[in-house]
Amino acid sequence: MSEERPRQRTPWPPVPTEPPTPHAQAPGPGTKLQVHYDECFGCGELDGGLHMRSTVGEHAHVHAEFTVTEAHQGAPGLAHGGLLACAFDEALGSAVGNLLQRPAVTGKLETDFLRPVPVGSTLFITAKLDGTAGRKIYASADGRLDSADGPIAVRARALFVEVAFEHFTSHGYADAMERFRRTRPQTWDINP
Ligand SMILES: CCCCCCCC/C=C\CCCCCCCC(=O)SCCNC(=O)CCNC(=O)[C@H](O)C(C)(C)COP(=O)(O)OP(=O)(O)OC[C@H]1O[C@@H](n2cnc3c(N)ncnc32)[C@H](O)[C@@H]1OP(=O)(O)O
């Protein structure tokens with residue numbers, strides 16, 4: 001249960017990468033990030049959703065908070081691991097989308113669950129970009145229990161893959177871009 005046992009021993013990123021360069025129009029430190037789509041399970045206002053909010057920090061970090069409610073249980077009184085993974089997907093995706101302003105989807109997400117996360121607790125998640133290699137974007141995050149300097153309960157790392165907007169219109173709803181724009185009118189017109 002200690003931070004001295006990182007559990008993630010394979011090299012990261014797993015391939016040579018370029019340093020991630022935030023987009024010229026990326027939001028700066030202190031910016032509270034908007035919901036990216038109002039029906040998103042992670043950041044939207046859906047009943048039973050995670051209702052996560054993120055803020056840009058220093059050094060191109062993104063800070064997100066996830067408060068665990070009774071709707072998020074796996075074992076009695078404890079967060080479901082799949083929902084914790086979802087919270088990290090959201091925080092990591094928010095870092096990728098907002099900082100790079102490139103449409104991307106999660107290709108791989110791995111999580112280390114280091115401590116139980118009880119109902120009523122809040123995970124303070126810090127996500128960062130680790131590198132890019134063409135369309136591949138590597139990012140990682142730590143989730144600390146109940147405060148920004150609490151013990152690390154969950155760690156995650158992920159590969160996001162940049163996609164064309166057609167990804168959303170051909171695999172999701174045909175009017176996906178209009179739906180995105182209804183929540184964030186200008187964002188989805190930015191040229192990467
Ligand atoms: C202007 C823009 C504005 C921006 C926006 C701002 C605001 C945004 C804010 C916030 C947003 C986000 C918040 C939400 C977060 C939640 C995100 C999710 O949960 S996304 C849903 C779950 N994920 C899927 O549904 C993907 C399903 N999979 C696919 O569609 C495909 O497999 C895809 C696109 C991932 C890759 O398919 P291919 O055909 O396009 O490309 P191939 O060649 O297969 O992969 C590209 C490279 O990536 C590697 N790769 C792909 N998957 C991999 C894996 N699982 N493991 C290792 N490598 C993998 C491949 O080996 C390849 O590498 P090599 O180029 O050959 O070096």
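When we follow the UniProt record's numbering, the leftmost residue of the sequence shown carries the number 1, and every step to the right adds one. C-beta atoms are modelled at their ideal positions from N, C-alpha and C, and glycine is treated no differently.
Determine the closest residue to A71 out of P27, A85, A64, G48, with distance taken between C-alpha atoms. That would be G48, whose Cα lies nearest to the Cα of A71.
Validate contact between the stretch 159-175 and the stretch 107-115 using beta carbons, cut 8 Å, 3 pairs: yes
Kindly indicate which three-state DSSP category D189 falls into: helix, strand or coil? helix
K128 beta carbon near ligand 1 (any heavy atom closer than 8 Å): Between ligand 1 and the CB of K128, the shortest heavy atom gap is not smaller than 8 Å.
Measuring only from the beta carbon, is R184 closer than 8 Å to any heavy atom that is part of ligand 1? A distance criterion of 8 Å places the beta-carbon of R184 in contact range of ligand 1, judged by its closest non-hydrogen atom.
Reducing DSSP to helix, strand and coil, say where T183 ends up. helix
Is it right to say A127 is buried, meaning 16 or more other beta carbons lie within 10 angstroms of its own, or is it exposed? That one is buried.
So, using beta-carbon positions, are A60 and P13 closer together than 9 Å? no
Going straight from the alpha carbon of V15 to that of A133, what length do you get? Going by C-alpha positions, V15 is about 8 Å away from A133.
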